[in-house]
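The block underneath contains the structure these notes are about, expressed in structure tokens.
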Amino acid sequence: MTTLSFDASSDPILVRRERIQSVAAASLGRRKIYSKIAVGVCWAFLVVAIIPLVAVIVYVVIKGLPAWSTDFFTHPTYPEGIPGGGVWNAIVGTAEIGFIGTAVAVPLGLLCGLFLAESDGRAAAAVRFTADVMTGVPSITIGIFGYIAIVKNFGYSGLAGAFSIGIIMLPVIIRAGETAIRGVPGHLNEAALALGARRATIARKVVVPAAMPGIITGVLLAVARGLGETAPLLLTIFGNQYMQWNPTKPMNALPLVIFENSSQPYADLVQIAWGAALLLMVVVLILSVGSRVLAAVLQKERR
Amino acid sequence: MIDPTTPLEKGVSLNTAQVLLEPPLGRKVMELDDVTVAFAGRKAVRDVSFDVHEGEITALIGPSGSGKTTLLRALNRMHDTVRTASVTGRIMLGDTDVNAGSTDATLLRSRVGMVFQRPNPFPTMSIYENAVAGLKFNGVRKKALLDEAAESALIGAALWDSVRDRLKAHASTLSGGEQQRLCIARALAVEPEVLLMDEPTSALDPIATKRIEELVGELKHRVTIIIVTHNMQQAMRVSDRCAFLLMGEDKAGELIEFGPTAKLFSEPTDPRTLDYVNGRFG
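Written out as structure tokens, the structure reads:
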């Protein structure tokens with residue numbers, strides 16, 4: 008039988024193989040330790056980073072849960088001394104303000120994001136830069152803008168709050184929409200082009216549907232962010248002790264309840280603030296988990 | 005059955021053909037024994053057994069979905085990174101049980117190199133750094149050994165002459181075919197015993213493909229090669245032995261036939277092999 012094996016003592020490749028394998032085996036222990044330390048450090052930092060997050064959640068749940076009762080969800084805020092007060096008016100306010108703000112900001116933001124994704128011109132660069140700057144603008148500044156633009160002319164109202172919240176959400180939606188649309192592979196665009204489709208048709212039939220999971224995630228995260236903002240509402244909706252369904256009148260909202268009740272010297276009002284904080288947290292959690300689940304479901308349907 | 009009086013090819017009698025059909029057997033480098041790979045309990049390829057001999061090129065052929073790549077990746081434990089994957093059966097590399105708990109996957113991979121479908125040189129590294137990357141990962145620090153191995157590997161990958169003056173240039177400055185040869189050099193530099201190639205020419209143009217194929221033929225004296233290809237002509241041109249896989253009824257790939265390439269293509273024992281190599285499906 009013929010064998011193709013080499014004489015190990017003379018073949019330079021076999022000699023080198025031997026040397027390399029012995030170095031690899033000899034250094035294995037060191038490399039394993041290095042790897043273990045590196046992974047360990049990552050774990051340690053992960054734990055350190057997560058402690059405050061978990062602490063906030065646990066604390067709010069512990070403090071807020073006792074406040075939850077039927078009254079809490081069905082009665083408006085009562086002044087100190089009257090039992091059975093709740094945040095029903097604030098829930099309504101937050102829902103209406105959030106809905107109106109979203110209804111305005113989403114179409115605006117997505118069309119703007121679509122434009123940014125499809126264009127590299129100077130106008131697009133300017134809008135993109137503005138959106139980036141706006142993401143970083145402190146929300147109180149947006150609140151002052153809403154105060155000057157709306158409240159000074161029409162008075163305090165839920166609509167003024169929705170306007171401010173919409174502005175807060177706008178840059179987030181623009182950038183999320185742009186990122187999602189840009190993430191659609193260019194060859195899909197080209198495939199549609201090669202079939203004779205126009206740009207608007209391509210956007211409507213091919214690109215935007217393909218980007219939908221990312222768009223939905225972005226929009227829901229923007230909504231979650233908008234609902235939690237306090238400063239713009241402080242300056243625009245004024246707050247309202249009573250039930251108010253009409254968004255053209257001053258309204259109450261959950262962040263406002265938290266802000267105002269938490270600084271009260273009365274335990275039951277502070278309790279309401281914790282309850283409202285927990286409620287807001289749960290809503291935001293549902294929105295962000297929901298966005299992920301929805302995106303995953305959409306993604307799965309594609310396959 | 006072939007009529008012994010019929011010449012297989014013009015001027016080749018069956019007796020000489022018989023010699024061509026059976027390449028001499030070298031030492032066994034790898035042994036696969038009932039290897040099954042499953043993802044989340046669903047078998048992708050099942051019960052594959054064959055031996056890989058030193059100094060030979062073994063080709064895995066078969067249509068898409070027959071589990072060629074899946075099987076190949078089991079040989080250097082690339083499935084370790086997929087949580088739902090499980091590899092059962094026995095894979096031996098010399099005396100080493102590939103899947104044994106005591107076998108270190110990183111050490112194993114320094115003995116069983118891999119080249120992928122698309123050229124994937126490390127984009128932030130120079131040509132030289134790419135060539136010695138595997139050595140550095142394995143703890144080699146001696147400059148002399150690094151230089152020697154890099155030069156030898158680049159020569160082996162037929163790249164040395166064109167890059168010797170620009171070893172510090174980025175790997176991205178190379179053409180697609182050159183990048184793939186750099187990836188082969190990168191794998192060779194560690195001096196593996198076995199080199200796994202997963203359709204290494206599928207992203208290359210015909211000329212670059214031809215050069216890689218020639219290179220593969222030259223390399224077999226240096227390293228035992230197992231190559232996945234969906235190109236039957238390629239398998240015929242480069243390989244000594246061929247494993248033909250086909251998707252079974254339960255969607256799991258299975259080994260239909262294993263044997264010397266010349267025999268598999270001229271007188272296969274299984275009718276399905278005959279259909280496939282004659283281009284009747286796949």
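Protein chains in written order, with my numbering: chain Y, 8 to 310; chain C, 5 to 286. Positions of the beta carbon are idealized from the N, C-alpha and C atoms, including for glycine.
Would you mind sorting residue 74 of chain Y into buried or exposed? The rule is 16 or more other CB atoms within 10 Å of its CB. buried
Does the beta-carbon of residue 194 of chain Y have 16 or more other beta-carbons within 10 angstroms, so that it is buried, or is it exposed? Result: exposed.
Are the beta-carbon atoms of residue 97 of chain C and residue 39 of chain C separated by less than 8 Å? no
At what residues does the alpha helix (DSSP H) containing residue 267 of chain Y begin and finish? 261 to 269
Under three-state DSSP, which class holds residue 172 of chain Y? DSSP places residue 172 of chain Y within a helical segment (H, G or I) once states are collapsed to three.
Hey, how far is the Cα of residue 235 of chain Y from the Cα of residue 288 of chain Y? 8 Å
Measuring only between beta-carbons, confirm whether residue 114 of chain C sits less than 8 Å from chain Y. yes
Comparing the C-beta of residue 153 of chain C with each C-beta of chain Y, is any distance below 8 Å? yes
Between the Cα of residue 80 of chain C and those of C:46, C:88, C:120, spot the shortest distance and give me the residue it belongs to. C:120
With distances taken from CA atoms, which of Y:284, Y:166, Y:215 is nearest residue 253 of chain Y? Y:166
By the criterion of Cβ-Cβ separation under 8 Å, what are the contact partners of residue 80 of chain C in chain Y? Those do not exist, as residue 80 of chain C stays about 14 Å from chain Y at its closest Cβ, beyond 8 Å.
Under 8 Å between C-beta atoms of residue 227 of chain Y and residue 185 of chain Y: The answer is no: Cβ separation not under 8 Å.
Three or more C-beta pairs closer than 8 Å, one from the stretch 150 to 160 of chain C and one from the stretch 134 to 142 of chain C: is that the case here? yes
Boundaries of the beta strand (DSSP E) in which residue 228 of chain C is found, first to last residue: 228 to 232
In three-state terms, what does DSSP make of residue 264 of chain C? strand
Rounded to whole angstroms, what's the CA-CA distance from residue 246 of chain C to residue 107 of chain C? Just pull it up for me. 28 Å
Are residue 151 of chain Y and residue 240 of chain Y close, meaning C-beta to C-beta below 8 Å? Cβ atoms of residue 151 of chain Y and residue 240 of chain Y: not closer than 8 Å.
With a Cβ-Cβ cutoff of 8 Å, do residue 161 of chain C and residue 185 of chain C count as a contact? yes
Chain-ordered neighbours of residue 30 of chain Y on chain C, where CB pairs are closer than 7 Å: What residue 30 of chain Y touches in chain C: 142, 143, 144.
Tell me which residues of the stretch 199 to 229 of chain C have at least one Cβ-Cβ distance to chain Y shorter than 8 Å, keeping chain order. 225, 226
Note the first and the last residue of the continuous alpha helix (DSSP H) segment covering residue 115 of chain C. 109 to 115
Reduced DSSP category for residue 93 of chain C - H, G, I as helix; E, B as strand; rest coil: strand
Is there at least one Cβ from chain C nearer than 8 Å to residue 40 of chain Y's Cβ? no
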